[in-house]
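J.: In case it helps, my numbering puts the sequence shown at residues 39 to 238.
Even for Gly, the Cβ is constructed at its ideal location relative to N, Cα and C.
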Amino acid sequence: FIEFLTYNPNLNLFGISLSVVEFTQTGAGFVSPKHHIMRLDRYFGPFMFVVMGAEVLTACFLVFFIVREIKLFRKQRREYFNSVWNCIEVFILSSSLIAVVMFVYRVINSKFVSKEISEDPNKFHNFQYVAMWEEVYACFLGIIITFATVKFLKLLRFNKRMGLLTATLRNAGSDLAQYMLMFMIMFFAFTQLAFSMLHT
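1) By the DSSP assignment, the alpha helix (DSSP H) with K240 in it spans what residues?
2) Taking a contact to mean a Cβ-Cβ separation below 8 Å, would you say D79 touches S148 in this structure?
3) Grab the span of the beta strand (DSSP E) containing L43 for me, first residue to last.
4) If I'm right that F82 touches N50 with Cβ under 8 Å, what's the distance once you round it to whole angstroms?
5) What are the boundary residues of the beta strand (DSSP E) that F196 is part of?
6) Measuring alpha carbon to alpha carbon, tell me which of S234, I223, G53 ends up nearest V168.
7) Can you find the residues in the same chain that come closer than 6 Å, C-beta to C-beta, to S55, ignoring five residues on each side of it along the sequence?
8) L242 by DSSP, collapsed to three states: which one?
Below, the structure is given as structure tokens:
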């Protein structure tokens with residue numbers, strides 16, 4: 039394996055690279071490269087206060103929505119979970135809390151690695167652990183944004199065109215499901231052929 043780290047001080051970007059070559063008994067080599075580009079210090083440059091303000095605003099909104107959903111749950115009790123939108127809201131809020139915990143843990147790890155670098159800049163420092171948490175945090179953000187976008191459809195339900203779209207999807211649901219089944223079978227057949235011929 040070859041592992042190295044590059045740093046661009048102008049943009050405050052770290053490039054973390056890990057290339058692993060595995061040799062089988064037949065002599066074939068399989069290369070598995072992993073590259074991460076990340077900022078170790080988020081608060082850098084002229085937009086530092088904008089980033090801080092956005093994070094504080096996000097935390098305030100998160101607390102507001104948690105308090106609102108707790109009040110709604112106390113009011114409705116068991117009927118609260120009968121609505122799909124309430125379940126989506128609970129999922130978004132719980133994922134957001136997990137993302138906040140991950141963010142704090144990532145910041146603590148970043149500070150720890152930065153301290154190690156400042157103490158001994160000539161020694162190699164492993165950034166793979168910090169990069170892994172950065173990747174998991176980005177995945178959680180992607181999930182949250184996806185479900186928040188789906189929840190945005192709830193706001194558009196009063197629009198006549200959106201109502202027409204949902205009614206069309208409701209009426210054509212079984213036909214679309216059958217089409218998607220056939221499409222997925224053909225698509226998986228194509229990907230199996232491509233993997234058999236070209237491998238990874």
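T.: With the structure as the only source:
1) Shown here, the chain extends from 39 to 238; a query on residue 240 therefore has no answer.
2) In contact: D79 and S148 (Cβ atoms closer than 8 Å).
3) Annotation: the continuous beta strand (DSSP E) that includes L43 extends over 40-46.
4) With 8 Å as the limit, F82 and N50 qualify as a contact, their Cβ atoms being about 4 Å apart.
5) F196 -> no beta strand (DSSP E), and no H or E assigned at all.
6) Selected option, being the one with the closest Cα: G53.
7) Excluding five sequence positions before and after S55, the CB atoms of its chain that fall closer than 6 Å to its own CB belong to F42, H73, given in chain order.
8) No statement about residue 242 is possible, as the shown extent of the chain runs from 39 to 238 and does not include it.
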